[in-house]
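What follows is a short report on a single structure.
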Amino acid sequence: MALKITDRMVDGVAVEELEGRIVLGEESNALREKVKALLAAGQKKIVLNMDKVSYIDSSGLGSLVASHTTARAQGSLLKLSNLGSKFQEILLVTKLVTVFEVYPSEAEAIAAFSK
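Going from the sequence shown to this note's numbering is simple: count from 1 and add 732.
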């Protein structure tokens, strides 16, 4: 299943709902390009809702890290929400949980921007 990205704005925050697999190739490129497009449009607050991500490989993780790094370099913030327990475990094992701001729900991730 290809990666499907659904866009919406909530209180000035770009919410990207990801569905499917984030794997080597077209899917991880689509994610990187989406974040680049948001940054090019001047978006400073981005939430990636991972609720419907069924699988992520090392390339997908690399895309997340690259997107996060690019956003930071441009003065933007990228937060993750709704990680499944398996994905949360991957972030813990790889120590990437210290890199990303992770929230249990999309609403909490959005609210964190106003703190």
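Heads up, the beta-carbon is just placed ideally off N, CA and C, and yes, glycines get one too.
The structure presented is a predicted model; accordingly, all values stated were derived computationally and were not measured.
Task: Nearest-angstrom Cβ-Cβ length linking Leu823 and Ser791, presumed shorter than 8 Å - done: Mapped onto the sequence shown, residue 823 falls at position 91. Mapped onto the sequence shown, residue 791 falls at position 59. Incorrect: roughly 16 Å between the Cβ atoms, too far for contact.
Open item on the list: Suppose the cutoff is 8 Å on Cβ atoms and the five residues either side in sequence are ignored; what does the same chain contact list for Val797 look like?
Closed with: As a working mapping, residue 797 is identified with position 65 in the sequence shown. Excluding sequence neighbours, Val797 sits near Leu828 and Val831.
Open item on the list: Using only the alpha-carbon positions, how far apart do Glu838 and Asn814 sit?
Closed with: Position 106 of the sequence shown holds residue 838. Position 82 of the sequence shown holds residue 814. Distance between the alpha carbons of Glu838 and Asn814: 7 Å.
Task: Per DSSP, the bridge partner or partners of Ala746 - done: Taking the first residue of the sequence shown as 1, we reach residue 746 at position 14. DSSP lists Met741 and Ile778 as partners of Ala746.
Open item on the list: Classify Ser795: buried if its beta carbon has 16 or more other beta carbons within 10 angstroms, exposed otherwise.
Closed with: Along the sequence shown, one-based indexing puts residue 795 at 63. Under this definition Ser795 is a buried residue.
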